[in-house]
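Participant:
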DNA sequence: GATGAATGAGACTTCATTCAT
DNA sequence: TATGAATGAAGTCTCATTCAT
């Protein structure tokens, strides 16, 4: 019965990874001990090493996780009319999503991830992949807007994309440091600012 | 060494702290060992403990360093005419400053600091102080602009301030991950976006 | 080792404590290193810390060990006829016991313990408990003797008890410094002296 | 001016040794750091090493100190009439002396010394010298008493001497653990016990 | 001689990983 | 497969001793 076993293995990996994610987001990668993960997962150390090579491999797996569906979202966004509409749609998905309670720990984990990228080239690679994809997607939306005439032709599409990215990353940081951050108000203010409706 | 002046002590502390900053920004607080700092500072472990109580006290000192002149900058900015002018002045100081080569390590350190805030309440306190000050300053600039009529009355001053903060933090992150980030182009794009000159 | 019984844990603690006692009695508490204990116990440092919080907790446990049955001995002694008989019975138990070879290390440990009491209030507490109990027991035997008429009414019961205590402690010291001390001859001489049979 | 220098050297050694004694009696030999001694002596570490080879040599010197005049005391005691008189004279000198406040720290130091003898053969040698001398002196007093007829002929002179020694050592211990010990009452009780005046 | 900062060996303790059961 | 006790390398910190001034 290989099928059952394989499913079982996958379930165990998931269980361990979830425990690891919870610990990592609470305490960071390197302050989390294997024992912390054991307790969170209700498993023994030996069991964990049946499913993961090492703690580092758990970190790596946490860093490359759940970032595959980004492409599809972008494909959908591209379909929309103006660049503004597309970007506001993305804000809905990528930014408002931060508000949900179950994302609190994801937010914290992302900040931990940022700092890990600075010392672990593998993690940097893993993190840059999706980030580059998002940046490229945003840039192409801006460029399409320029072709369509709803984005100023003088705009620096690449760096406009970076500015939009910063608006998200900066919120992630604020949210992680201060869970009372009101994402809705943030998004509203963000829309006003980017629409030129603030500084007249 | 019979006569050791206070300046000498201060210079040694500086030397050790600089070494620690270099290591911390490279490797994070907890991946940096005392030995790393010793080698960077060309001192023995024992020597370091003549100047610092513990590694934690070094971390704490690194976290609370060089953030006192913020108030003065804001006071200067308040003097300027419109909110836009004030904010662009601040962008000059707070954001363009990131571009200088000697800030590369400061940028990386700041990202490490962010992640440390998530697990160390003392560091969170230390980090939130200046951040709150900056947020409050930005908010008051926006509010003054609203009174003066150069900022839209419907804007949510507090969250507009947060958006501006995010624009800086997000750049710090990009810069730390990718040293080739062109801060000038970023600032230019940022000005265009906030001026409503991009998404028409 | 899936099933580790409570007895196993207790046996390991015992094993480690015995090793610690051996080292402490040889070298004193603070000259003994964790590594010394490891070698004596044939365990690694890590293993020891599965059973003891710290070296200090091992010292504490060594200091409060094996001193609970004192009360019963005294209760038995109280039953005896004259004060002299009671005290000679106690001498049998408390003093002759020192002669057995396996007490050699206990004797040395006690001397180490004395010196530790002088700088560690917790150890002083732990050590004073049994000592006070013994002193009080001896005093009450003397007082009972006075009521029964077999101890002089003018004797200072409290300090007579202290003198008896000193006779034991002093032997412990001699025995620790000189293992060839003949406890039987000591006890015989002690009985003669206290009986007034020496200095006529 | 070699004379002056030599005196100076001796004075400095004395100053350092006194500081060391104070520290050792407070904290034990091995818990006392060189820095503790420096502070007590108001000298720098370097200065101390101009007068002593090492910390161990300071310990050794502390252990062999102030025990040379014992012989003279004994010679005086031998002159006295009965063994009882001689021993009560010695009690006056050796035991009542413990009561003086300035002996408090000497008492504590002696207990520290006992424990040091158990691990340091040199210290054991140093300590056993005077102790053997005292034991021999006591034994000879007893033997003389036996020849003179004021000590029972059946007494075991060597171990009677040990019993007398124990009476002193045991008091030293009690005094070090409990500074409120009343030495006068102790000596009184001791005399009564050894006179056979207690247990009738 | 005196100073005290610097050295560096070595102490205690933690924790990722292994392996006998 | 699961267990968790055992391992041992590595980390932080202390302290006796040295040496340039």
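Chains as they are written, first to last, in the working numbering: chain A, 1 to 200; chain B, 1 to 200; chain C, 1 to 200; chain D, 1 to 200. Backbone N, C-alpha and C define an ideal beta-carbon position, used for all residues, glycine too.
1. Less than 7 angstroms between C-beta atoms, sequence neighbours within five positions excluded: which residues of the same chain meet that for residue 103 (chain A)?
2. Between residue 190 (chain A) and chain B, is there a C-beta pair that is closer than 7 angstroms?
3. Measuring only the C-alpha atoms, how far is residue 51 (chain D) from residue 13 (chain D)?
4. State yes or no: is the C-beta of residue 20 (chain A) within less than 7 angstroms of the C-beta of residue 37 (chain A)?
5. At the 7 angstroms Cβ level, is residue 90 (chain A) part of the contact set with chain B, yes or no?
6. Tell whether a beta-carbon distance below 7 angstroms holds between residue 111 (chain C) and residue 115 (chain D).
7. Who are the Cβ neighbours of residue 168 (chain D) in its own chain at under 7 angstroms, not counting the five residues just before and after it?
8. For residue 157 (chain A), which residues from the same chain have a beta carbon less than 6 angstroms from its beta carbon, with the 5 sequence-adjacent residues on both sides left out?
9. With DSSP as the reference, label residue 134 (chain D) as helix, strand or coil.
10. Three Cβ pairs or more, each shorter than 8 angstroms: is that satisfied between the segment 185–197 of chain B and the segment 145–163 of chain A?
11. When DSSP labels each residue in this structure, what does residue 251 (chain D) get in the three-state scheme?
12. Should residue 196 (chain D) be counted as a contact of the ligand FAD given a C-beta to heavy atom distance under 6 angstroms?
13. What three-state label does DSSP hand residue 199 (chain A) in the structure shown?
14. Span of the alpha helix (DSSP H) holding residue 24 (chain B)?
15. List the endpoints of the continuous alpha helix (DSSP H) containing residue 58 (chain B).
16. Spell out whether any CB of chain C is found under 7 angstroms from the CB atom of residue 93 (chain D).
17. Along the chain, where does the alpha helix (DSSP H) that runs through residue 184 (chain B) open and close?
18. By the criterion of Cβ-Cβ separation under 7 angstroms, what are the contact partners of residue 136 (chain D) in chain C?
19. Determine, for residue 30 (chain A), whether the minimum Cβ-Cβ distance to residues of chain B falls below 7 angstroms.
20. Mind checking which residues open and close the alpha helix (DSSP H) that includes residue 115 (chain A)?
21. If you count every other CB in all the chains shown that lies within 10 Å of the CB of residue 174 (chain A), and 16 or more means buried, which is it?
22. Pull up the distance between the alpha-carbon of residue 92 (chain A) and that of residue 64 (chain B), whole angstroms please.
23. Classify residue 154 (chain C) as helix, strand or coil using the three-state DSSP reduction.
24. Can you tell me where the alpha helix (DSSP H) holding residue 46 (chain D) begins and where it ends?
25. Is residue 101 (chain A) helix, strand or coil when you go by DSSP?
26. Applying the criterion that 16 or more other CB atoms from any shown protein chain within 10 Å of the CB defines a buried residue, is residue 149 (chain A) buried or exposed?
27. Could you give the distance in angstroms between the alpha-carbon of residue 43 (chain B) and the alpha-carbon of residue 105 (chain A)?
28. Using 7 angstroms as the threshold, is the C-beta distance between residue 108 (chain C) and residue 118 (chain D) below it?
29. Starting from residue 35 (chain C), follow the alpha helix (DSSP H) in both directions and report where the run begins and ends.
30. Quick check on residue 180 (chain D): does DSSP put it in helix, strand or coil?
31. Just the chain C side, please: which residues come within less than 9 angstroms of residue 195 (chain D) by C-beta, in chain order?
32. What does residue 84 (chain D) touch in chain C if you count any residue whose Cβ is under 7 angstroms from its own?
33. If you draw a straight line from the alpha carbon of residue 25 (chain D) to that of residue 31 (chain C), how long is it in whole angstroms?
34. Going by the beta-carbon positions, is the gap between residue 198 (chain A) and residue 155 (chain B) smaller than 7 angstroms?
35. On the three-state DSSP scale, how would you describe residue 139 (chain B)?
Facilitator: In this structure, then:
1. Within the first chain, residue 103 (chain A) is the residue found at index 103, counting from 1. Listed in chain order, the non-local C-beta contacts of residue 103 (chain A) below 7 angstroms within the same chain comprise 97, local neighbours out to five positions each way being set aside.
2. The residue you call residue 190 (chain A) lines up with position 190 of the first chain. True, the Cβ-Cβ gap to chain B drops below 7 angstroms.
3. Stepping through the fourth chain from its first residue, residue 51 (chain D) is reached at position 51. Stepping through the fourth chain from its first residue, residue 13 (chain D) is reached at position 13. Those two C-alpha atoms are separated by around 6 angstroms.
4. Translated into positions along the first chain, residue 20 (chain A) becomes position 20. Translated into positions along the first chain, residue 37 (chain A) becomes position 37. Pairing residue 20 (chain A) with residue 37 (chain A) gives a Cβ-Cβ distance under 7 angstroms.
5. Residue mapping note: residue 90 (chain A) aligns to position 90 of the first chain, counting from 1. Proximity of residue 90 (chain A) to chain B, defined by a Cβ-Cβ separation below 7 angstroms, is not satisfied.
6. The sequence position of residue 111 (chain C) within the third chain is 111, counting from 1. The sequence position of residue 115 (chain D) within the fourth chain is 115, counting from 1. Between residue 111 (chain C) and residue 115 (chain D), the CB-CB gap stays under 7 angstroms.
7. Mapped onto the fourth chain, residue 168 (chain D) falls at position 168. If the five residues before and after residue 168 (chain D) are omitted, its C-beta is found closer than 7 angstroms to the C-beta atoms of 94, 95, all from its own chain and listed in chain order.
8. Position 157 of the first chain, counted from the first residue, corresponds to residue 157 (chain A). Take residue 157 (chain A), set aside five residues on each side of it, and the residues of its chain with a beta-carbon closer than 6 angstroms to its own are 139, 142, 143, in chain order.
9. On the fourth chain, residue 134 (chain D) is found 134 positions in, with the first residue counted as 1. Here residue 134 (chain D) carries a helix assignment [DSSP, helix/strand/coil].
10. Yes: the two stretches touch, three or more of their Cβ pairs being nearer than 8 angstroms.
11. Because chain D in this structure spans residues 1 to 200, residue 251 (chain D) falls outside the shown range and cannot be described.
12. This structure lacks the ligand FAD, and indeed carries no ligand of any kind.
13. Taking the first chain and counting its residues from 1, the one referred to as residue 199 (chain A) is at position 199. DSSP places residue 199 (chain A) in strand when its eight states are reduced to three.
14. If you number the second chain from 1, residue 24 (chain B) lands on position 24. Looking at the DSSP string, the run of the alpha helix (DSSP H) that includes residue 24 (chain B) is 6–27.
15. For the purposes of this step, residue 58 (chain B) is identified with residue 58 of the second chain, where counting begins at 1. Here the alpha helix (DSSP H) through residue 58 (chain B) covers 55–63.
16. The residue you call residue 93 (chain D) lines up with position 93 of the fourth chain. Taking Cβ atoms only, chain C never reaches closer than 7 angstroms to residue 93 (chain D), which makes this a no.
17. Within the second chain, numbered from 1, the residue matching residue 184 (chain B) stands at position 184. Where residue 184 (chain B) is concerned, the enclosing alpha helix (DSSP H) starts and stops at 183–194.
18. In the fourth chain, counting from the first residue as 1, residue 136 (chain D) sits at position 136. The contacting residues do not exist; residue 136 (chain D) stays about 14 angstroms from chain C at best.
19. Counted from its first residue, the first chain places residue 30 (chain A) at position 30. For residue 30 (chain A), the answer is yes, since a Cβ of chain B falls inside 7 angstroms of its Cβ.
20. As a working mapping, residue 115 (chain A) is identified with position 115 in the first chain. Where residue 115 (chain A) is concerned, the enclosing alpha helix (DSSP H) stretches over 104–117.
21. As a working mapping, residue 174 (chain A) is identified with position 174 in the first chain. So residue 174 (chain A) ends up on the buried side.
22. Against the first chain, residue 92 (chain A) aligns to sequence position 92. Against the second chain, residue 64 (chain B) aligns to sequence position 64. In this structure, the CA atom of residue 92 (chain A) is about 36 angstroms from the CA atom of residue 64 (chain B).
23. Translated into positions along the third chain, residue 154 (chain C) becomes position 154. It is coil, neither helix nor strand.
24. In the fourth chain, residue 46 (chain D) corresponds to position 46, counting from 1. Note, residue 46 (chain D): alpha helix (DSSP H), 45–51.
25. Residue 101 (chain A) sits at position 101 when you count from the first residue of the first chain. Helix, per DSSP.
26. Against the first chain, residue 149 (chain A) aligns to sequence position 149. Label assigned to residue 149 (chain A): exposed.
27. The residue you call residue 43 (chain B) lines up with position 43 of the second chain. The residue you call residue 105 (chain A) lines up with position 105 of the first chain. Approximately 40 angstroms, taken between the alpha carbons.
28. Within the third chain, residue 108 (chain C) is the residue found at index 108, counting from 1. Within the fourth chain, residue 118 (chain D) is the residue found at index 118, counting from 1. A distance below 7 angstroms separates the beta carbons of residue 108 (chain C) and residue 118 (chain D).
29. What you label residue 35 (chain C) is simply residue 35 of the third chain in a count that begins at 1. Annotation: the continuous alpha helix (DSSP H) that includes residue 35 (chain C) extends over 34–41.
30. Taking the first residue of the fourth chain as position 1, residue 180 (chain D) is located at position 180. DSSP places residue 180 (chain D) in coil when its eight states are reduced to three.
31. In the fourth chain, the residue the question calls residue 195 (chain D) occupies position 195. Ordered by position in chain C, the residues that pass the 9 angstroms Cβ test against residue 195 (chain D) are 196, 199.
32. Here residue 84 (chain D) corresponds to residue number 84 of the fourth chain, with the count starting at 1. The contacting residues are 199.
33. Looking up residue 25 (chain D) in the fourth chain gives position 25. Looking up residue 31 (chain C) in the third chain gives position 31. Rounded to whole angstroms, residue 25 (chain D) and residue 31 (chain C) show a C-alpha spacing of 17 angstroms.
34. Taking the first chain and counting its residues from 1, one reaches residue 198 (chain A) at position 198. Taking the second chain and counting its residues from 1, one reaches residue 155 (chain B) at position 155. Inclusion of residue 198 (chain A) and residue 155 (chain B) in the CB contact set at 7 angstroms is warranted, their separation being smaller than that value.
35. What you label residue 139 (chain B) is simply residue 139 of the second chain in a count that begins at 1. The answer is helix: DSSP assigns residue 139 (chain B) an H, G or I state.
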